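Numbering (my numbering), first residue to last: 281 to 1031.
For every residue, glycine included, the Cβ atom is placed at its ideal position computed from N, Cα and C.
Values in this document were obtained by computation on a predicted structure and should not be read as measured data.
A quick write-up on the structure given underneath.
Here it is in C-alpha cells:
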C-alpha cells in the first residue's frame, strides 16, 4: 500500500508540495519559537546550577529575576549566620544596547565566588590592576554577544544612556549568559536604578546537612523573602512560562490554518480520484483498506511537513542567530523532546485532517464511483438563487468553498484579534492618561516600561518648570498572585495626588496612608476579599480599605497602594515608573514636551495621547504582531493557491468546453481570478467575525484574560478585508494562468 500512497502523492506534485509547505510553517514555528523558550529556560537553569550555590534568597512572587529586589545589607547578615560559607549578591536587568532591544546585564561584587565561572578568554577580569586603570566604567562582555556585536577588548559598549569600556571577553558555556554582559555590582545598581538593592543572593552552606535548620532560621528572620533551591527557583520564573505560552499559541494557530488546508487538499483528492476508488472497490478492496490508504496519504504528508518544518526551524534559528541568541535561542537548543512535540502535533493534524476525507472515500459505492464524470460535467447541479458564474461555481462545490473560507477566516481572524488586543491596550492606556494629564514622562532608553525608574529629584525639576501646574508620580509593576499563576497589577499613587481621583471607589474608601490598599472589583471577586480584610502580596500584608471599578480592564486585575509602599515593594525608594504632568495651559503641551526632552535627557516626555504608542513594550508588541501576520498571510496564501489549483484540475473538461466554444485565455483567467477574489472577500467578512470571536475567547483566559480586552476601529476592518482580497488575488493568479494555458482538445480528453 505504501507504494500506491507514494505514487498518488507524487502524481500531484504541486498540490502535495503546497500542502507540505503549509504544515511545515506551523512545525517550524513550534521548533523555532519552542527552541527560544527552551533556551531561555535552559539559560536560567544553567545560570543557577553553574553558580555552585546551594540556595537562593529573593523577593517572593516576582514575575522575573529582573523584577526581584532584596536589600543589599542583608548579605552581611547572611554571612554572619553559622550555616553560611559564602554569600554573593547579584543584580539582573534587561536594557537596550546597540541594535539590540533586549539585552541582559548581570552585576556581581568584585570578590563574588560566582565570578569564578566566567572564564576570561580575552582581556582581564574585574579583580586585576588593569581593570582599575581602564578609561570609563569597566564591563565584561559575553563571547557570543561580542561576536554578534563585532566588539573586542578596548571598545565601548552603550547600555541605555551610559557608555562602558570592555575590559574582557568571557565564556561560561551557557549561551544565555554568554549573550549578555557583566558589570560591577555598584555600576549595575546605578544602571538599573537599584541603589543598595540586589535581585537575589546566592548562598553556599558549610554543610548541605545544615539546609533544614538554615531554612527554618531564614523563614523566621526574613518572613517577607523567599528561600529556594537553585533548580526550584529557576523553574518558577513567570517570564519563561509566558514565553512558552506564546510559543504554543503561535504554533497552534499556524498548525490550525495548515490543518484546514490539509483537509481541503485530501477531500479534493478523494473527489478527483472517485473513479479510481470505484475501480479499487470493484476489484475487491474493502472500505477499510481505502480508508487507510487515504488516511496514510494524509499522515505521510503531515510527517513530511514536520520534517521540512524542522529544516525551516533550523534555518530560522541560523538566519536570526544574532538576535535570538540574547534569549538563549540557538541551533544547539533544538532538543529531541521538542522535535517529538512538533511531530506529535503534525501527526495528530494528519489524522484529524485526513479522517473525514478517508471516511468519505471508504463510503463510496463501486458502481456510482465508476460512473462519476468529475466536477465539471454530469449530474444535476445545485444553483444559487442569484449570482454569475463565480458565485455558482463556488456554490456547487460547497464543501471545498467552506473549507477555503475557513482557512481565510482563520488567517484574517488571527491577525484582527491580535491587532484588536494591541489596540485595546493602547486604548486603555490612553483612557488612563488622558483623563489626568497632558504629558506623560518615562525613563529614556529603557527596554520595557516596567523597568523605568525616574528619581524624584528629577520630578522636582519638572514641577519647577513654569508651564507645569502639578505632577503625579506613579509606580507600576506586576507580581504573581500567591498560590496561582495569575498576575496582580500594582499601582502606587500619593493619596493626595490628582491621579488617584479617577478611581471610582464603589465600596469602602480611597487609600489614606501606608499599608492600605484598594483593589479592582474583578480581583476582589477572584480573591474573595471584602473591605476590612487583609491581602498578602510578596509576603507583605496590606489592609483592604476600598474596592473600585474601572473601564480600564487590566486595572481591575490589581490594586492601588500608596506611592511609598509601592516604591518599597519594588525595592526602588524615591523612584517612580512614570510621571503624569498637568499643565496650566494645555495649549503649551507640545512646547513643554520639547523643553523637557531637551533639558532632561535621562527622561522621555510625550503627549498623553501619544505616550502609549511610543512605549517600547508597545512597539515591540506591534512588531511581534506584524511578524505573526506575515506568517499567517503566507499560510493562508499557500492554502488559497492549493485550493484554486485543485479547482482548475477538477474543472479541466469544463474549461476545455469553454475554450472550444470560443472563450479566450483572458476570459478563462478572469473567471478563475474572480472566483478567488470572491472567496477572499467572503473569507474576509467571515474572518472579521472570527477575529472578534477569538478576541472574546482570549478574555476568558484565567490568568491574563482581563488584560486582553480588544478594541476595534474602522481602519482595522478595512485592513482585514484588504488582507483577505490580497490572499484571494495572489492565491488565484498562478492557477488562473495555468488554466488559461490549457489547450481545448487536451482539456476535453481529461479524465
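Test item: CB-CB of residue i and residue j under 7 Å
{"i": "residue 438", "j": "residue 378", "result": "yes"}
{"i": "residue 423", "j": "residue 467", "result": "no"}
{"i": "residue 857", "j": "residue 754", "result": "yes"}
{"i": "residue 463", "j": "residue 385", "result": "yes"}
{"i": "residue 1012", "j": "residue 947", "result": "no"}
{"i": "residue 1035", "j": "residue 1024", "result": "With the chain represented from 281 up to 1031, any question about residue 1035 goes unanswered, as that position is not in the structure."}
{"i": "residue 306", "j": "residue 635", "result": "no"}
{"i": "residue 482", "j": "residue 333", "result": "yes"}
{"i": "residue 752", "j": "residue 778", "result": "yes"}
{"i": "residue 391", "j": "residue 819", "result": "no"}
{"i": "residue 733", "j": "residue 852", "result": "yes"}
{"i": "residue 963", "j": "residue 689", "result": "yes"}
{"i": "residue 576", "j": "residue 285", "result": "yes"}
{"i": "residue 1020", "j": "residue 945", "result": "yes"}
{"i": "residue 633", "j": "residue 539", "result": "yes"}
{"i": "residue 371", "j": "residue 474", "result": "yes"}
{"i": "residue 541", "j": "residue 686", "result": "no"}
{"i": "residue 850", "j": "residue 787", "result": "no"}
{"i": "residue 1093", "j": "residue 844", "result": "In the structure displayed, the chain extends from 281 to 1031; residue 1093 sits before or after that span and is not available."}
{"i": "residue 586", "j": "residue 623", "result": "yes"}
Residue i in three-state terms, based on DSSP
{"i": "residue 543", "result": "helix"}
{"i": "residue 390", "result": "coil"}
{"i": "residue 677", "result": "coil"}
{"i": "residue 771", "result": "strand"}
{"i": "residue 482", "result": "strand"}
{"i": "residue 697", "result": "helix"}
{"i": "residue 404", "result": "coil"}
{"i": "residue 776", "result": "coil"}
{"i": "residue 960", "result": "helix"}
{"i": "residue 398", "result": "coil"}
{"i": "residue 640", "result": "helix"}
{"i": "residue 441", "result": "coil"}
{"i": "residue 717", "result": "coil"}
{"i": "residue 417", "result": "strand"}
{"i": "residue 364", "result": "strand"}
{"i": "residue 452", "result": "coil"}
{"i": "residue 338", "result": "strand"}
{"i": "residue 757", "result": "strand"}
{"i": "residue 447", "result": "strand"}
{"i": "residue 808", "result": "coil"}
{"i": "residue 1021", "result": "coil"}
{"i": "residue 645", "result": "coil"}
{"i": "residue 1014", "result": "helix"}
{"i": "residue 900", "result": "helix"}
Buried versus exposed call for residue i [16 or more other C-beta atoms within 10 Å across all chains shown]
{"i": "residue 658", "result": "Its pLDDT being 44, under 50, residue 658 is placed unreliably in this model, and the coordinates cannot settle the point."}
{"i": "residue 939", "result": "buried"}
{"i": "residue 465", "result": "buried"}
{"i": "residue 796", "result": "buried"}
{"i": "residue 440", "result": "buried"}
{"i": "residue 884", "result": "buried"}
{"i": "residue 352", "result": "buried"}
{"i": "residue 878", "result": "exposed"}
{"i": "residue 723", "result": "buried"}
{"i": "residue 896", "result": "buried"}
{"i": "residue 835", "result": "buried"}
{"i": "residue 410", "result": "exposed"}
{"i": "residue 292", "result": "buried"}
{"i": "residue 926", "result": "buried"}
{"i": "residue 340", "result": "buried"}
{"i": "residue 389", "result": "buried"}
{"i": "residue 383", "result": "buried"}
beta-carbon residue i near the ligand MN non-hydrogen atom, thresh 6 Å
{"i": "residue 745", "result": "Summarising the ligand content, the structure contains no ligands, and the ligand MN is consequently not present."}
Cutoff 7 Å: residue i Cβ touching any chain C Cβ
{"i": "residue 487", "result": "Judged by its chain identifiers, the structure shown contains no chain C, having just a single protein chain."}
| query | Between the stretch 836-852 and the stretch 795-808, are three or more C-beta pairs nearer than 8 Å? | reply | In this structure the stretch 836-852 lies against the stretch 795-808, because at least three pairs of beta carbons, one per stretch, are closer than 8 Å.
| query | If we count Cβ pairs, one from each stretch, closer than 8 Å, do we get three or more for the stretch 580-588 versus the stretch 673-682? | reply | Output reads no: the stretch 673-682 does not touch the stretch 580-588.
| query | Can at least three beta-carbon pairs, one atom from the stretch 767-785 and one from the stretch 361-374, be found at a separation below 8 Å? | reply | Counting Cβ pairs under 8 Å, fewer than three are found: no touch.
| With a cut-off of 8 Å, do at least 3 Cβ pairs link the stretch 859-869 to the stretch 700-718? | The stretch 859-869 vs the stretch 700-718: in contact.
| request: Tell me the start and end of each unbroken beta strand (DSSP E) in the stretch 810-898 that is at least 3 residues and wholly inside, in chain order. | output: Runs of the beta strand (DSSP E) inside the stretch 810-898: 814-817, 820-829, 838-842, 858-863 and 883-887.
| Contact the stretch 320-336 vs the stretch 519-538: 3+ CB pairs below 8 Å | With contact defined as three or more Cβ pairs closer than 8 Å, the stretch 320-336 and the stretch 519-538 are in contact.
| Is the stretch 499-514 close to the stretch 331-350, with three or more CB pairs under 8 Å? | In the pairwise beta carbon analysis, the stretch 499-514 is classified as touching the stretch 331-350: at least three pairs are separated by under 8 Å.
| said: My parser needs the alpha helix (DSSP H) runs of 4 or more residues fully inside the stretch 548-611; what are they? | reply: Scanning the stretch 548-611 from its first residue to its last, the whole alpha helix (DSSP H) runs of 4-plus residues come out as 554-562, 567-599 and 601-604.
| query | Do the stretch 902-912 and the stretch 721-741 touch if we need at least three Cβ pairs shorter than 8 Å? | reply | No, the stretch 902-912 is not in contact with the stretch 721-741.
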